[in-house]
């Protein structure tokens, strides 16, 4: 009896993985595309309220998530230039 239940559970798990994985990839791809879009707009100087409108966000705080990432990239780039490396 338990072997049949175990077999049934394994089959259901495989079926779930088979059908849910492509959906997960699609959702992740969509999320990555939106994230890249917002980040590139910010990097190119588009103001946060325009990006908010383009992204369809109702609250600017949602859009500000992307500014944190762009600011980290700017800080990292600035930190690569040390006075010792400039020969001053």
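In the UniProt record's numbering, the protein residues as written are 1 to 88. Glycine included, C-beta positions come from ideal geometry on N, C-alpha and C.
Query, Result
"Inter-stretch contact (C-beta, 8 Å, three-pair minimum) for the stretch 70-79 and the stretch 45-57", "no"
"Buried versus exposed call for residue 42 [16 or more other C-beta atoms within 10 Å across all chains shown]", "buried"
"Exposure label - residue 77; buried when at least 16 CB within 10 Å", "exposed"
"Three-state class that DSSP yields for residue 44 in the structure shown", "coil"
"Between the CA atoms of residue 33 and residue 67 - distance to the nearest angstrom", "16 Å"
"Where residue 57 sits in the DSSP three-state scheme", "coil"
"Per-residue DSSP class, three states only, for residue 80", "coil"
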